[in-house]
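Engineer: One structure coming up, written as structure tokens, with questions to follow.
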Amino acid sequence: MTVPSPKIGSFSAPLSLNFDGGGVSARRLELLAAIGQENSINGAAKAVGMTYKGAWEAVEAMNNLAGVPLVTAWQGGRGGGRAELTEVGQRLVGEMRRITALQTQFFAALNEDMILDDSFQLLKRIEVRTSARNAFTGIVESVRNSVVDAEVTLRLASGEALYAIITQNSVRSLDIVPGKVVYALIKASWVLLTPADEKIKTSARNRLCGVVSHIEASPINTEVLLDLGNSMTLAAIITNESHKILGLTIGSRACALIKASHIIIGVD
-15 MTVPSPKIGS FSAPLSLNFD GGGVSARRLE LLAAIGQENS INGAAKAVGM
35 TYKGAWEAVE AMNNLAGVPL VTAWQGGRGG GRAELTEVGQ RLVGEMRRIT
85 ALQTQFFAAL NEDMILDDSF QLLKRIEVRT SARNAFTGIV ESVRNSVVDA
135 EVTLRLASGE ALYAIITQNS VRSLDIVPGK VVYALIKASW VLLTPADEKI
185 KTSARNRLCG VVSHIEASPI NTEVLLDLGN SMTLAAIITN ESHKILGLTI
235 GSRACALIKA SHIIIGVD
């Protein structure tokens, strides 16, 4: 029996950026660099092959995960709005280019005369994805334990407190202790909205207030983005009927109500 000859391959790796609350993929880093060149979300999206909406969501996610603004953007206007990298964003892109150059040199040397057998063809980059629209980085401020579950208080970069209810088993397995950096995932459909000036009593433990920065309607639902300050945004999906009743418009002040049990805590 003839033994199959080894396949010739080469090592390569996409560059990604890891924060305490999650990672930024190579494609999103490319978007960041493109924003620095195009000074436009729309132009940068076209340059890297993303949709305008996808690019906006990527910018929001990167700002939220970083805990400091990487991009300052303004929606609307000619060309889909203007966008600029902050000083931190510019430094990050500069470091990305420097590391990419070093990475290219490293793999060029590694791949010289390298023979890879069939088993290496099975290696793939594993990327964790989540259906939760909102991802925030926070620091555990306190953990209040009960018999079955625990209330975890997080402090966000915006200064707001976020309360989550998780099981005792999760506290132990995730090693949730004060001072630990974690991330909070919140599905947009779990967020309730109310006008900021409306004083209502609710069982929702969390109330995050901000300014409506974007509204996008579909045949059934409407997505509303709240600017929470410090370049943090929160997305909510509500019915079109609810949007009509609430009367929210761009620039309106509104509050997001989130039950503590609807917040998912994650760690690296």
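If you read the sequence shown in the numbering used here, its first letter stands for residue -15, the second for the next number, and so on. A virtual CB, placed ideally from N, CA and C, is assigned to each residue, including glycine.
(1) Can you grab the Cα-Cα spacing for the pair Q74 / S187, in whole Å?
(2) To the nearest angstrom, how far is it from the Cα of P53 to the Cα of S142?
(3) Taking the beta strand (DSSP E) that L209 belongs to, which residues open and close that run?
(4) Skipping 5 residues on each side, what residues in its chain have a beta carbon closer than 6 Å to that of K108?
(5) Based on the DSSP output, what are the partners of L241 in its beta bridges?
(6) For a test of the three-state rule: what should DSSP assign to M34, helix, strand or coil?
(7) Starting from the Cα of E207, find the closest Cα among S197, I221, V136 and give me that residue.
(8) Could you check how far apart the C-beta atoms of L192 and C239 are, in whole angstroms? I think they sit under 8 Å.
(9) By how many angstroms is the C-alpha of E68 removed from the C-alpha of T223?
(10) With 16 other CB atoms within 10 Å as the buried threshold, where does S215 fall?
(11) Just the Cα atoms here: how many angstroms apart are K171 and N118?
(12) Apply the 10 Å Cβ neighbour rule to N48 and answer buried if 16 or more other Cβ atoms are within range, or exposed otherwise.
(13) Can you confirm whether the segment 120 to 127 touches the segment 161 to 169 when touching is taken to mean that 3 or more C-beta pairs between the two stretches lie within less than 8 Å?
(14) Anyone know if the C-beta pair for G194 and L218 falls short of 8 Å?
(15) Taking a contact to mean a Cβ-Cβ separation below 8 Å, would you say N190 touches Y147 in this structure?
(16) With a threshold of 7 Å on Cβ separation, who are the neighbours of E182 within its own chain once the five nearest residues in sequence on each side are excluded?
(17) Our contact map puts V196 next to T233 with C-beta atoms below 8 Å; I'd like the distance itself, whole angstroms only.
(18) Identify every residue that forms a DSSP beta bridge with R75.
(19) Please classify A28 as buried or exposed, where buried requires at least 16 other C-beta atoms within 10 Å of its C-beta.
(20) Compare the Cα-Cα distances from D211 to each of G20, V43, Y36 and report the closest residue.
(21) Provide the residue(s) that pair with W58 in DSSP beta bridges, ordered along the chain.
(22) Let me confirm a value: V72 is counted as buried when at least 16 other C-beta atoms fall within 10 Å, else exposed. Which label applies?
(23) Looking at C-alpha atoms only, which residue of S24, G231, G51 is the closest neighbour of A180?
(24) For H246 and T178, I'd like the C-alpha separation in whole angstroms.
(25) Which residue's Cα is closest to the Cα of L140: L241, G235, A50, D159?
(26) Three-state secondary structure (DSSP) at W122?
(27) Just the C-alpha distance for L16 and K185, rounded to the nearest angstrom, thanks.
(28) If we ignore side chains and look at the alpha-carbon of each, how far apart do S130 and S154 end up?
Structural biologist: This is what the structure holds:
(1) Looking at the two C-alpha atoms, the distance is approximately 43 Å.
(2) Rounded to the nearest whole angstrom, the CA to CA distance from P53 to S142 is 11 Å.
(3) That run of the beta strand (DSSP E) goes 205 to 213.
(4) Note that K108 scores 30 on pLDDT, short of 50, meaning its location in the model is unreliable; the coordinates nonetheless yield the value given after this. Nothing listed; no residue qualifies.
(5) The secondary-structure analysis by DSSP pairs L241 across a beta bridge with L176, R191.
(6) M34 falls in the coil class under three-state DSSP.
(7) For E207, the nearest C-alpha among the options comes from I221.
(8) With a Cβ gap of about 7 Å, L192 and C239 count as contacting.
(9) T223 and E68: Cα-Cα distance of roughly 33 Å.
(10) S215 comes out buried.
(11) So the two alpha carbons sit approximately 6 Å from each other.
(12) If you draw a 10 Å sphere on the C-beta of N48, you find 16 or more other C-beta atoms in it, and that means buried.
(13) Flag = yes, the segment 161 to 169 and the segment 120 to 127 touch.
(14) Contact: yes.
(15) Yes; because the gap between Cβ atoms is below 8 Å, this pair is in contact.
(16) The beta carbon of E182 sits closer than 7 Å to none of the beta carbons in its chain outside the five residues before and after it.
(17) Approximately 7 Å separates the beta-carbon atoms of V196 and T233; this is inside 8 Å, confirming the contact.
(18) When beta bridges are read from the DSSP output, R75 appears opposite no residue.
(19) By the neighbour-count rule (16 or more Cβ atoms within 10 Å), A28 is buried.
(20) Among G20, V43, Y36, the Cα nearest to that of D211 is on V43.
(21) Bridge partners of W58: R66.
(22) Per the 10 Å Cβ criterion, exposed.
(23) Taking A180 as reference, the option from S24, G231, G51 with the minimal CA-CA separation is G231.
(24) Distance between the alpha carbons of H246 and T178: 18 Å.
(25) In terms of Cα proximity to L140, the closest of L241, G235, A50, D159 is A50.
(26) Correcting the residue identity first, residue 122 is Gly in this sequence and not Trp. Secondary structure at G122: strand, using DSSP grouped into helix, strand and coil.
(27) About 42 Å.
(28) Distance between the alpha carbons of S130 and S154: 13 Å.
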